[in-house]
Amino acid sequence: MKILVLGSGQLARMMSLAGAPLDLNVTAYDVGTKNIIHPLTGEIYAQDLQASIAEVDVITAEFEHIPHDVLELCCQSGKFYPGKQAIKTGGDRAIEKALLDESNVPCAPYKLITEKSHLIEAVALLGKPLVIKTCQAGYDGKGQWRLKSDDQIEQIWSEMADFIATGTDSLPHTIIAEKMIPFCREVSVIGARDKQGNMAIYPVTENEHTNGVLTLSIASEICEKIQLQGESAFKKLATKMDYVGVLAIEFFDVDGTLMVNEIAPRVHNSGHWTQQGCASSQFENHMRAVCGLPLGSAELLRPSAMINVLGQSSIPTQVLTTPDVLSHWYGKSQKPGRKMGHINISAPTNEALAQKLESLAKVLPEEDYPGILKAATLLRS
Ligand code: ATP
Ligand code: MG
């Protein structure tokens, strides 16, 4: 079977690697250059999206910021999963919040902003501090403001107004203000839903962000109450969207109650540990779902963790000599802070995983790989 992935980054690359044993052949569409390329080698095959759409059996996406004309073309083919609406929902916080409200899934209280008076109303309604985000752009914490005191309103509004002004009639730019949630930790739930509505949901993952970027994830035995809340949100949202593929949901854990932060209609960085913690990774299950194959198991086989490699072009050799530790590189040129690859770690027990993390912390410095020792402590708590 031939699959075209919209987007040609590391997620398309890992879908291609997971699809190969199932005889699923992935090509990738580079939205920037408009080339159809090999997702591993970057070799350019063609520059004809229409011909490629006609040739493949299935189309999917690795990210949500896809030009609407491209989405339209893909949808017309009848081969595109998870579908235009799901991609648009993930790419626009206003549509996403409406879906959460309609599905009765709790999220951070919010107010949409298109003019200055809305910002002042948001401060009165939601209180301070506020987290303010662009609805249609932004990733890794970019496109956000924190409003802590009234004297910031003028400055933040002028920056927001510049963003709103770059919108067009067909693609208006809006902003959302959210109440700052006093969470005790951030978690995510990733699952797959197939064309018949069957679902495979991975265990809740605990995520560490540093400066708005995911730095580390841990998947270990999780409290049942949290798992059930995550699964319930997943089932409601995936069913409501008649979703096909892998869907990720990020949550704030507020003293044992989950509140959605955002959703991603795709495989997700916080699910990379599934490559070695589960029988079927998120990449394999996404490929299975969109290709009409039965889903594989999402059960946790052994406690696992993932460390992002940000801005580094290599890792110390001691990492790879540690048993059950594997690196995954994305084949990208080095830039400060760029997601270059990740390291997956597994162990038979939480204690053994904690010990492994402690030995990795000796060669992976805290300033480049934050949170490793904290994760070891969490695994013991
Ligand atoms: P991603 O790369 O995950 O798509 P993003 O840029 O879309 O990130 P968010 O996930 O919305 O942005 O926010 C980034 C981080 O900022 C969150 O992981 C969380 O730590 C913090 N944050 C966002 N919204 C809130 C909120 N309402 N209250 C408290 N913290 C928040
Ligand atoms: Mg996020």
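Residue numbers 27 to 407, in the numbering used here, belong to the letters of the sequence shown in order.
All residues carry an ideal CB built from backbone N, CA and C; glycine is no exception.
Bridge-paired residues (DSSP) for residue i
i       : result
Trp-408 : Nothing in the structure corresponds to residue 408, since the chain is present only between 27 and 407.
Ser-353 : Ile-369
Asn-334 : His-368
Tyr-136 : Glu-204
Met-225 : Arg-219
Ala-274 : Ile-216 and Ala-290
Leu-32  : Tyr-55 and Ala-87
Asn-233 : Glu-212 and Ser-243
Val-280 : Thr-283
Ala-72  : Ile-62
Phe-106 : Ile-85
Option nearest residue i by Cα separation, candidates the options
i       : options                               : result
Thr-115 : Lys-137, Phe-89, Cys-100 and Ser-103  : Phe-89
Met-332 : Leu-138, Thr-300 and Cys-100          : Thr-300
Leu-156 : Arg-172, Ala-163, Ala-150 and Ile-244 : Arg-172
Ala-148 : Asp-127, Val-316 and Trp-183          : Trp-183
Pro-329 : Glu-98, Ile-248 and Gly-117           : Ile-248
Tyr-356 : Thr-59, Val-57 and Gly-68             : Gly-68
His-64  : Pro-47, Ala-80, Asp-83 and Leu-43     : Leu-43
Lys-28  : Met-313, Cys-101 and Leu-138          : Met-313
Val-335 : Glu-288, Ala-401, Ala-274 and Tyr-395 : Tyr-395
Ile-33  : Asn-61, Leu-48 and Ala-46             : The sequence given here places Gly at residue 33; Ile does not occur at that position. Ranking the options by Cα distance to Gly-33, first place goes to Asn-61.
Glu-276 : Cys-133, Lys-105, Ala-124 and Val-52  : Cys-133
Met-225 : Asp-127, Lys-365, Leu-346 and Gly-322 : Gly-322
Val-270 : Leu-75, Tyr-55, Leu-66 and Gln-111    : Gln-111
Thr-231 : Gln-222, Asp-220, Leu-352 and Val-215 : Val-215
Ser-340 : Glu-185, Leu-138, Ala-54 and Met-366  : Met-366
Thr-347 : Leu-405, Pro-362, Arg-119 and Ser-385 : Ser-385
Asp-56  : Glu-393, Leu-37, Tyr-107 and Leu-48   : Leu-37
Asp-279 : Val-213, Gly-117, Pro-47 and Met-186  : Val-213
Glu-234 : Pro-47, Ala-401, Arg-39 and Ser-246   : Ala-401
Leu-197 : Lys-382, Leu-48, Glu-81 and Pro-93    : Pro-93
Ile-398 : Thr-375, Pro-374 and Ile-369          : Ile-369
Gly-337 : Ile-158, Ser-359 and Cys-317          : Ser-359
Contact test: residue i Cβ vs ligand 1 heavy atom, cutoff 7 Å
i       : result
Ile-207 : yes
Val-157 : yes
Gly-238 : yes
Lys-154 : no
Gln-276 : Reading off the sequence, residue 276 comes out as Glu, not Gln. Yes, the beta carbon of Glu-276 sits closer than 7 Å to at least one heavy atom of ligand 1.
Ala-134 : yes
Lys-137 : no
Asn-334 : no
Glu-288 : yes
His-144 : no
Lys-400 : no
Lys-410 : Residue coverage of the chain in this structure runs from 27 to 407, which leaves residue 410 outside it and unanswerable.
Glu-234 : no
Glu-212 : yes
Glu-204 : yes
(message) Counting beta carbon pairs with one atom in the stretch 192-202 and one in the stretch 133-145, are three or more of them shorter than 8 Å?
(response) yes
(request) Check whether the stretch 289-300 touches the stretch 230-243, taking contact to mean three or more Cβ pairs, one atom from each stretch, closer than 8 Å. (result) yes
(request) Determine contact between the stretch 253-262 and the stretch 95-106, defined as no fewer than three beta-carbon pairs at a distance below 8 Å. (result) no
(message) Across the stretch 77-93 and the stretch 313-323, are there enough close Cβ pairs to call them in contact, namely three or more that are closer than 8 Å?
(response) yes
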